[in-house]
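Chains as they are written, first to last, in our numbering: chain A, 16 to 377; chain B, 16 to 377.
Down below is the structure, laid out as structure tokens.
Below is the structure:
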């Protein structure tokens, strides 16, 4: 179960200067709102969560009141605000003269300005770092949900090859991915699935379109499931009806082998205390030097990113400039790739949990 | 086709003070980034778009370079930035000493602070209003895409009843919705589908869970398709295998009749020059007074919101405090509902285009 009080004290410890936190939920929900409420249902656009002395006050609308009451943790008051004026006066009476911590990585500039004007706090400080540190190391309960999210997407991916056939489009395959995610009890996609056939796979973020599958062609599937707010993110690359004697197939397999090795080499270096830049460098060096540098410069993105509520979550990434260290309980993707424009690409991605001595695939 | 130059001049006209615009694309994409690029593929996390003198410069990463080059409009330079340092120095050389317009409704506070520090502009002004005004009135091309998005979701909804059966869960039905959206050539859901059975329908933003369908039960489906960046948002409420003699069914039908009338009454008042509060008030007055006030106070949300790239788009809404007027080319939802906690709810929603003399359902 989620222990909201524990989360509050974790975040508060990190930001000693502010004794009161404000989380605004806009059109796109601030993930910190989900983290600090545990809500898995509702939209809460325009709602505000105020946290003080271990208690939460949710200022929301009549529209969301019922769904908030159904889900609210013990130490939360839910107030259905009737008008913009009431919202303003409540914010003012809660925040006036105080030092208020906000999530500066999310809060839009214009909301910042209007809170300053409306609520007249003594001071507003950006406490995004405290949120990020708290969220970057996952609790055992969070790891359970993430394992579930991982399990769902892996089950989906393992079934995808049976849908491969000549003429199916990338969009149609994406439809099967999303259907199976929900069929296997996921709460939808954690991001729009990437489905790329043939040379489209050379573009790491290609969105599925009307491209039709042909024989001896790459099928790259990069997708994730949500499960109770938590994300997974896994990539598999296949060749549909390979012509094993063709030069094309041999080249794909050559690339596949390098990427597979790079993923394992990187994995071996992921553990607590290691800087995020290290596993990236290991993978990049390996790819750049394989086959006398035949694919040098073709690994065109970071090795990995933190995963949690957001598919690109907060915390230590596996990238060239990442100086922060990995800690036990962090979850990151390990996803090397090689991209050859005009030909295609291969990416293999798994989500891994950092422990003291190693990284474990989820 | 999209005329990006026309869009630039529309936005620039609205913000005479700034001659240069900066759109940062973060974890959640700023819709203005899509509006000003026309991109339908790629992620562009951490990219920056700078607009000056009718030209666009996209500072992005090697990861997104290929996909940007494939889609870029005529007057755009794409620069694949190699490091954080290069990003900083390029931003600085483009923005230093200038008055820079940003989208304050999106740009996170911490990004605002770091742009100020890194790029040393003369001044940063919030030009979100100019973007919002430009985007709120849809171009004919945008209306075409929105009609397509509407057509897809209506086709999906019309086929949903054939999946209704005893024991199917809300999540499973959501799976069918998303599958058909893509099957009918949509680019996925414009928001996670709301599927609510029975008393769950009393919560307007209920998320699909394991609830199983039973006979003589409400099925509320609120969902939307994306088509080339544009959204639709339509709600239908059904009764599965009604027991036409039951009190429950009669009550649902009574509520349904009121909501249906309210939607039409509101629609009749939607036209150019009318304040957004007017249609809302018409619907609310009708619902509150029907059957001698039996459902007074049970319409617990706004009548409608603007729709466009975002499903909750920018511009004039249909809500109690909306003083702005409707204009030809605006698109809004018309979605009254009645919610009885512990019993259920009915909502009917269509997207309508505002014209000089009337509103037309899409």
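Glycine included, each C-beta is placed from N, C-alpha and C at the ideal position.
Computed from a prediction, not measured in an experiment: that's the story for all the values here.
Neighbour flag for residue i against chain A, beta carbons, 8 Å
i, result
"residue 55 (chain B)", "yes"
"residue 79 (chain B)", "yes"
"residue 186 (chain B)", "yes"
"residue 207 (chain B)", "yes"
"residue 244 (chain B)", "no"
"residue 308 (chain B)", "no"
"residue 379 (chain B)", "No information on residue 379 (chain B) is available, as it lies outside the stretch 16 to 377 that chain B covers here."
Residue i (DSSP reduced to helix, strand or coil)
i, result
"residue 348 (chain A)", "strand"
"residue 143 (chain A)", "helix"
"residue 228 (chain A)", "coil"
"residue 251 (chain A)", "strand"
"residue 310 (chain B)", "coil"
"residue 59 (chain B)", "coil"
"residue 244 (chain B)", "coil"
"residue 195 (chain A)", "helix"
"residue 187 (chain B)", "helix"
"residue 125 (chain B)", "helix"
"residue 72 (chain A)", "strand"
"residue 104 (chain A)", "helix"
"residue 77 (chain A)", "helix"
"residue 24 (chain B)", "helix"
Cross-chain neighbours of residue i in chain B, by beta carbon under 7 Å
i, result
"residue 221 (chain A)", "56 and 82"
"residue 315 (chain A)", "77 and 78"
"residue 200 (chain A)", "186"
Pick from the options that is closest to residue i, judged by C-alpha positions
i, options, result
"residue 181 (chain B)", "B:92, B:294, B:231 and B:22", "B:231"
"residue 62 (chain B)", "B:33, B:106 and B:364", "B:106"
"residue 29 (chain B)", "B:261, B:148 and B:137", "B:148"
"residue 313 (chain B)", "A:145, A:78, A:326 and A:54", "A:78"
"residue 119 (chain B)", "A:123, A:354 and A:254", "A:123"
"residue 331 (chain A)", "A:294, A:301, A:311 and A:256", "A:294"
"residue 170 (chain A)", "A:342, A:97, A:249 and A:278", "A:249"
"residue 58 (chain A)", "A:244, A:98 and A:353", "A:244"
"residue 64 (chain B)", "B:81, B:307, B:323 and B:45", "B:45"
"residue 348 (chain B)", "B:18, B:201, B:161 and B:54", "B:161"
"residue 196 (chain B)", "B:219, B:299 and B:242", "B:242"
"residue 133 (chain A)", "A:159, A:157, A:100 and A:158", "A:100"
"residue 366 (chain A)", "A:246, A:267 and A:372", "A:246"
"residue 130 (chain B)", "B:143, B:146, B:145 and B:113", "B:113"
"residue 322 (chain B)", "B:377, B:233 and B:43", "B:377"
Contact set between residue i and chain A, taken where Cβ atoms lie within less than 8 Å
i, result
"residue 117 (chain B)", "124"
"residue 296 (chain B)", "Correct list: empty, because the minimum Cβ distance to chain A is about 14 Å."
Residue-chain proximity (residue i, chain B), Cβ-Cβ < 8 Å
i, result
"residue 218 (chain A)", "yes"
"residue 88 (chain A)", "no"
"residue 50 (chain A)", "no"
"residue 63 (chain A)", "no"
"residue 194 (chain A)", "yes"
"residue 197 (chain A)", "yes"
"residue 364 (chain A)", "no"
"residue 373 (chain A)", "no"
"residue 203 (chain A)", "yes"
Contact list for residue i against chain A, beta-carbon separation under 7 Å
i, result
"residue 60 (chain B)", "327"
Chain-ordered neighbours of residue i on chain B, where CB pairs are closer than 8 Å
i, result
"residue 359 (chain A)", "Per Cβ cutoff of 8 Å: no residues; residue 359 (chain A) is ~12 Å from chain B at best."
Contact set between residue i and chain B, taken where Cβ atoms lie within less than 9 Å
i, result
"residue 211 (chain A)", "Chain B residues near residue 211 (chain A): none, gap ~10 Å exceeds 9 Å."
Note down, in chain order, all residues in the stretch 96 to 109 of chain A with a beta-carbon under 8 Å from any beta-carbon belonging to chain B. 98 and 99
At a CB distance below 8 Å, what residues from the stretch 25 to 47 of chain B approach chain A? Give them in sequence order. 42 and 43
Looking at chain A, which residues of the stretch 344 to 357 of chain B have a Cβ within less than 8 Å of any of its Cβ atoms? 354 and 356
Give me the subset of the stretch 320 to 341 of chain B whose CB atoms are less than 7 Å from a CB atom of chain A, sorted by chain position. 325, 327 and 336
Members of the stretch 119 to 151 of chain B near chain A, C-beta cut-off 9 Å: 119, 120, 121, 122, 123, 124, 125, 126, 127, 128, 139, 141 and 143
Selection of the stretch 165 to 186 of chain A by Cβ proximity to chain B, strictly under 8 Å: 186
Can you list, in chain order, the residues of the stretch 269 to 294 of chain A whose Cβ is nearer than 8 Å to any Cβ on chain B? none
Selection of the stretch 227 to 255 of chain B by Cβ proximity to chain A, strictly under 7 Å: none
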